[in-house]
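Inspection log for the structure reproduced underneath, given as C-alpha coordinates.
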Amino acid sequence: MNVSELFWNASLEELKSGYVRQDNHFVCLLCGKDFEKGIIYSDQGVLYEAERYVRVHIQREHQSVFDYLIKLNKKFTGMTEHQNNLLQLFYQGKSDAEVQKEMGIGSASTIRNHRFALKEKERQSKVFLVLMELLKEQDKHAPTFINPRKTARMLDDRYNVTQEESEKILKKYFPEGTAGRLEIFPAKEKHKLVLLGEIVKRFERGRSYDEKEVNRILKTAFDDHVTLRRYLVEYGFLDRKPDGSQYWLKG
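The sequence shown: position 54 = 53 (numbering that gives the first Met the number 0), numbered continuously.
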(Lines of atoms letter the chains of each structure in order from A; the text may use other names.)
(Lines give C-alpha, C1' and ligand atoms only; values in the text may rest on other atoms or scores of the structure.)
Protein backbone atom coordinates (compact mmCIF):
# COMPACT_ATOMS: atom_id res chain seq x y z
CA MET A 0 0.00 0.00 0.00
CA ASN A 1 1.54 3.35 -1.04
CA VAL A 2 1.70 6.38 1.21
CA SER A 3 -1.35 8.06 -0.35
CA GLU A 4 -3.47 4.97 0.30
CA LEU A 5 -2.17 4.80 3.86
CA PHE A 6 -2.99 8.48 4.30
CA TRP A 7 -6.57 8.27 3.04
CA ASN A 8 -7.26 5.04 4.94
CA ALA A 9 -5.88 6.35 8.23
CA SER A 10 -8.12 7.16 11.19
CA LEU A 11 -8.49 10.71 12.47
CA GLU A 12 -6.19 9.94 15.40
CA GLU A 13 -3.55 8.51 13.06
CA LEU A 14 -3.79 11.56 10.81
CA LYS A 15 -3.40 13.84 13.82
CA SER A 16 -0.25 12.01 14.90
CA GLY A 17 1.07 11.88 11.33
CA TYR A 18 2.04 8.23 11.36
CA VAL A 19 0.55 4.77 11.39
CA ARG A 20 1.74 1.43 12.70
CA GLN A 21 2.07 -1.36 10.14
CA ASP A 22 3.21 -4.76 11.36
CA ASN A 23 6.56 -4.01 13.01
CA HIS A 24 7.02 -0.60 11.43
CA PHE A 25 5.85 2.94 12.05
CA VAL A 26 5.20 4.74 8.76
CA CYS A 27 5.14 8.52 8.33
CA LEU A 28 1.84 9.36 6.61
CA LEU A 29 3.31 12.56 5.22
CA CYS A 30 6.23 11.13 3.24
CA GLY A 31 6.12 7.35 3.60
CA LYS A 32 9.39 6.92 5.48
CA ASP A 33 9.23 3.92 7.80
CA PHE A 34 10.87 3.19 11.13
CA GLU A 35 11.27 -0.40 12.35
CA LYS A 36 10.06 -1.28 15.81
CA GLY A 37 12.83 -2.66 18.01
CA ILE A 38 15.52 -0.57 16.33
CA ILE A 39 17.17 2.19 18.35
CA TYR A 40 17.77 5.31 16.28
CA SER A 41 20.66 7.62 17.11
CA ASP A 42 20.29 11.28 16.28
CA GLN A 43 22.62 14.08 17.40
CA GLY A 44 23.82 12.02 20.35
CA VAL A 45 20.31 11.09 21.49
CA LEU A 46 18.87 7.57 21.26
CA TYR A 47 15.23 7.06 20.27
CA GLU A 48 12.95 4.06 20.00
CA ALA A 49 11.09 3.87 16.69
CA GLU A 50 7.77 5.47 17.63
CA ARG A 51 9.44 8.40 19.36
CA TYR A 52 11.81 8.85 16.43
CA VAL A 53 9.03 9.08 13.85
CA ARG A 54 7.71 12.05 15.85
CA VAL A 55 11.16 13.62 15.76
CA HIS A 56 11.23 12.99 12.02
CA ILE A 57 7.85 14.70 11.49
CA GLN A 58 8.91 17.76 13.46
CA ARG A 59 12.26 18.03 11.67
CA GLU A 60 11.18 17.23 8.12
CA HIS A 61 7.59 18.52 8.06
CA GLN A 62 7.54 21.06 10.95
CA SER A 63 4.22 19.62 12.12
CA VAL A 64 1.22 17.66 10.85
CA PHE A 65 -0.72 20.91 10.80
CA ASP A 66 1.89 22.62 8.60
CA TYR A 67 1.81 19.72 6.17
CA LEU A 68 -1.97 19.43 5.96
CA ILE A 69 -2.61 23.15 5.60
CA LYS A 70 -0.47 23.16 2.44
CA LEU A 71 -2.46 20.43 0.72
CA ASN A 72 -4.47 21.24 -2.38
CA LYS A 73 -7.66 23.12 -1.48
CA LYS A 74 -9.62 20.32 -3.14
CA PHE A 75 -8.42 18.14 -0.26
CA THR A 76 -8.94 20.64 2.56
CA GLY A 77 -12.19 22.15 1.27
CA MET A 78 -11.06 25.57 2.51
CA THR A 79 -10.83 28.92 0.81
CA GLU A 80 -7.51 30.78 0.80
CA HIS A 81 -8.99 33.19 3.34
CA GLN A 82 -9.93 30.35 5.73
CA ASN A 83 -6.52 28.78 5.21
CA ASN A 84 -4.76 32.00 6.22
CA LEU A 85 -6.95 32.40 9.28
CA LEU A 86 -6.25 28.86 10.47
CA GLN A 87 -2.51 29.36 10.12
CA LEU A 88 -2.59 32.54 12.20
CA PHE A 89 -4.80 30.94 14.86
CA TYR A 90 -2.46 27.94 14.99
CA GLN A 91 0.48 30.29 15.53
CA GLY A 92 -1.27 31.52 18.67
CA LYS A 93 -2.14 34.98 17.37
CA SER A 94 -4.79 36.93 19.25
CA ASP A 95 -7.87 38.20 17.46
CA ALA A 96 -6.41 41.70 17.43
CA GLU A 97 -3.14 40.43 15.95
CA VAL A 98 -5.00 38.46 13.28
CA GLN A 99 -7.10 41.50 12.44
CA LYS A 100 -3.99 43.67 12.07
CA GLU A 101 -2.01 41.11 10.06
CA MET A 102 -4.84 40.38 7.61
CA GLY A 103 -6.13 43.93 7.54
CA ILE A 104 -9.76 42.95 7.92
CA GLY A 105 -12.75 44.31 9.85
CA SER A 106 -12.68 44.47 13.61
CA ALA A 107 -12.17 42.10 16.51
CA SER A 108 -15.84 41.10 16.20
CA THR A 109 -15.22 40.22 12.54
CA ILE A 110 -12.49 37.78 13.62
CA ARG A 111 -14.88 36.23 16.16
CA ASN A 112 -17.40 35.75 13.36
CA HIS A 113 -14.75 33.94 11.33
CA ARG A 114 -13.97 31.72 14.33
CA PHE A 115 -17.67 30.93 14.64
CA ALA A 116 -17.87 30.06 10.92
CA LEU A 117 -14.90 27.71 11.25
CA LYS A 118 -16.49 26.05 14.28
CA GLU A 119 -19.69 25.60 12.28
CA LYS A 120 -17.69 23.98 9.48
CA GLU A 121 -16.13 21.62 12.04
CA ARG A 122 -19.57 20.56 13.31
CA GLN A 123 -20.80 20.00 9.75
CA SER A 124 -17.70 17.93 8.96
CA LYS A 125 -18.26 15.69 11.97
CA VAL A 126 -21.88 15.02 10.99
CA PHE A 127 -20.86 14.37 7.39
CA LEU A 128 -18.15 11.89 8.47
CA VAL A 129 -20.65 9.96 10.57
CA LEU A 130 -23.17 9.94 7.71
CA MET A 131 -20.54 8.55 5.34
CA GLU A 132 -19.51 5.88 7.86
CA LEU A 133 -23.14 4.82 8.29
CA LEU A 134 -23.59 4.82 4.52
CA LYS A 135 -20.63 2.46 4.09
CA GLU A 136 -22.42 -0.05 6.30
CA GLN A 137 -25.57 0.00 4.17
CA ASP A 138 -24.54 0.83 0.60
CA LYS A 139 -23.54 -2.53 -0.89
CA HIS A 140 -23.31 -1.14 -4.42
CA ALA A 141 -20.78 1.64 -3.86
CA PRO A 142 -17.71 1.16 -6.10
CA THR A 143 -14.19 1.47 -4.71
CA PHE A 144 -12.43 4.48 -6.21
CA ILE A 145 -8.68 4.76 -6.47
CA ASN A 146 -7.26 7.26 -3.99
CA PRO A 147 -5.74 10.44 -5.43
CA ARG A 148 -2.13 11.10 -4.53
CA LYS A 149 -1.69 13.82 -1.92
CA THR A 150 0.88 15.39 -4.22
CA ALA A 151 -1.47 15.55 -7.22
CA ARG A 152 -1.23 18.93 -8.92
CA MET A 153 -4.62 18.70 -10.60
CA LEU A 154 -7.72 17.15 -9.06
CA ASP A 155 -10.51 16.66 -11.56
CA ASP A 156 -12.57 13.99 -13.31
CA ARG A 157 -9.48 12.03 -14.30
CA TYR A 158 -9.52 10.63 -10.74
CA ASN A 159 -13.04 9.30 -11.22
CA VAL A 160 -11.71 5.78 -11.68
CA THR A 161 -12.92 2.72 -9.79
CA GLN A 162 -10.64 -0.09 -8.69
CA GLU A 163 -12.33 -2.37 -11.19
CA GLU A 164 -11.73 0.10 -14.04
CA SER A 165 -8.11 0.47 -12.96
CA GLU A 166 -7.53 -3.27 -13.14
CA LYS A 167 -9.05 -3.43 -16.64
CA ILE A 168 -6.88 -0.55 -17.83
CA LEU A 169 -3.72 -2.20 -16.50
CA LYS A 170 -4.61 -5.50 -18.11
CA LYS A 171 -5.29 -3.80 -21.44
CA TYR A 172 -2.07 -1.81 -21.65
CA PHE A 173 0.22 -4.28 -19.88
CA PRO A 174 -0.69 -7.52 -21.73
CA GLU A 175 2.27 -9.36 -20.17
CA GLY A 176 1.62 -8.08 -16.64
CA THR A 177 2.41 -4.84 -14.85
CA ALA A 178 6.11 -5.71 -14.58
CA GLY A 179 6.25 -5.79 -18.38
CA ARG A 180 6.11 -3.16 -21.08
CA LEU A 181 3.44 -0.89 -22.49
CA GLU A 182 2.42 -1.46 -26.08
CA ILE A 183 1.16 2.14 -26.38
CA PHE A 184 0.80 5.15 -24.11
CA PRO A 185 -2.86 6.31 -24.15
CA ALA A 186 -4.20 9.78 -24.84
CA LYS A 187 -7.08 9.45 -22.36
CA GLU A 188 -6.22 11.19 -19.09
CA LYS A 189 -7.78 8.57 -16.81
CA HIS A 190 -5.77 5.84 -18.49
CA LYS A 191 -2.57 7.85 -18.20
CA LEU A 192 -3.16 8.34 -14.48
CA VAL A 193 -3.64 4.64 -13.82
CA LEU A 194 -0.61 3.61 -15.87
CA LEU A 195 1.68 6.22 -14.33
CA GLY A 196 0.60 5.12 -10.86
CA GLU A 197 1.77 1.62 -11.72
CA ILE A 198 4.99 2.59 -13.49
CA VAL A 199 6.13 4.78 -10.60
CA LYS A 200 6.27 1.65 -8.42
CA ARG A 201 9.54 0.84 -10.21
CA PHE A 202 11.20 3.60 -8.18
CA GLU A 203 12.34 3.26 -4.55
CA ARG A 204 11.11 5.64 -1.91
CA GLY A 205 13.78 7.70 -0.18
CA ARG A 206 16.24 7.38 -3.06
CA SER A 207 17.39 10.04 -5.54
CA TYR A 208 18.01 9.23 -9.20
CA ASP A 209 19.95 11.10 -11.84
CA GLU A 210 18.34 11.55 -15.24
CA LYS A 211 20.15 8.60 -16.80
CA GLU A 212 18.87 6.27 -14.06
CA VAL A 213 15.33 7.58 -14.49
CA ASN A 214 15.51 7.03 -18.25
CA ARG A 215 16.87 3.52 -17.82
CA ILE A 216 14.02 2.55 -15.48
CA LEU A 217 11.36 4.09 -17.69
CA LYS A 218 12.71 2.35 -20.78
CA THR A 219 11.80 -0.94 -19.12
CA ALA A 220 8.17 0.21 -19.38
CA PHE A 221 8.03 2.11 -22.68
CA ASP A 222 10.38 3.24 -25.45
CA ASP A 223 9.33 6.90 -25.19
CA HIS A 224 10.84 7.42 -21.75
CA VAL A 225 10.84 11.22 -22.21
CA THR A 226 7.04 11.29 -22.36
CA LEU A 227 6.74 9.07 -19.29
CA ARG A 228 9.23 11.20 -17.35
CA ARG A 229 7.39 14.41 -18.23
CA TYR A 230 4.00 13.06 -17.17
CA LEU A 231 5.33 11.54 -13.94
CA VAL A 232 6.51 15.01 -12.92
CA GLU A 233 3.43 16.79 -14.27
CA TYR A 234 1.04 14.48 -12.42
CA GLY A 235 2.98 14.80 -9.15
CA PHE A 236 4.38 11.26 -8.98
CA LEU A 237 8.01 12.39 -9.20
CA ASP A 238 9.73 15.57 -8.14
CA ARG A 239 13.03 16.92 -9.43
CA LYS A 240 15.61 19.63 -9.02
CA PRO A 241 15.10 22.68 -11.28
CA ASP A 242 18.03 21.63 -13.47
CA GLY A 243 16.70 18.06 -13.81
CA SER A 244 19.85 16.57 -12.27
CA GLN A 245 18.01 14.61 -9.57
CA TYR A 246 14.61 12.93 -9.35
CA TRP A 247 12.79 11.27 -6.46
CA LEU A 248 9.39 9.92 -5.48
CA LYS A 249 7.10 12.70 -4.35
CA GLY A 250 4.94 12.31 -1.28
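All C-beta atoms in this analysis are idealised placements derived from N, C-alpha and C, irrespective of residue type, glycine included.
- Beta bridge pairing from DSSP links L248 with L237.
- For the options Y208, K74, H140, the alpha carbon positioned closest to that of S244 is the one of Y208.
- The distance from the Cβ of S165 to that of I145 is about 5 angstroms, consistent with a contact at the 8 angstroms cut-off.
- In chain order, F184 place their CB closer than 8 angstroms to the CB of T226, counting only its own chain and leaving out the 5 sequence neighbours on each side.
- Contact between the region 21-33 and the region 52-64 is present: 3 or more CB-CB pairs across the two stretches fall below 8 angstroms.
- Collapsing the DSSP output to three states places I145 in coil.
- CA-CA distance, G37 to I110, rounds to 48 angstroms.
- Of the candidates R206, Y172, E203, the residue whose Cα lies closest to the Cα of V193 is Y172.
- Taking all protein chains in view, the Cβ of K249 is crowded by 16 or more other Cβ atoms within 10 Å, so the residue is classified as buried.
- For L88, the secondary structure class from DSSP, reduced to helix, strand or coil, is helix.
- In this structure, the beta-carbon distance from R180 to F221 falls below 8 angstroms.
- If you keep only unbroken beta strand (DSSP E) runs of at least 3 residues inside the region 124-206, you get nothing at all.
- Look at the beta carbons and you see the region 7-24 touching the region 63-71: at least three pairs across the two are nearer than 8 angstroms.
- Between G92 and Q99, the CB-CB gap reaches or exceeds 8 angstroms.
- Taking the Cα positions, L237 is about 15 angstroms away from K191.
- R228 and V213 do touch by the CB rule: their CB atoms are close to 6 angstroms apart, below 8 angstroms.
- With fewer than 16 other Cβ atoms from the protein chains shown falling within 10 Å of its own Cβ, A186 counts as exposed.
- For Q21, the enclosing beta strand (DSSP E) stretches over residues 18-21.
- Taking V199 as the centre and dropping the five residues before and after it, the same chain places the C-beta of L231, F236, L237, L248 closer than 8 angstroms to its C-beta, in chain order.
- Taking all protein chains in view, the Cβ of A49 is crowded by 16 or more other Cβ atoms within 10 Å, so the residue is classified as buried.
- Each of E80, S124, L133, L85 was checked against the Cα of R114, and the nearest Cα belongs to L85.
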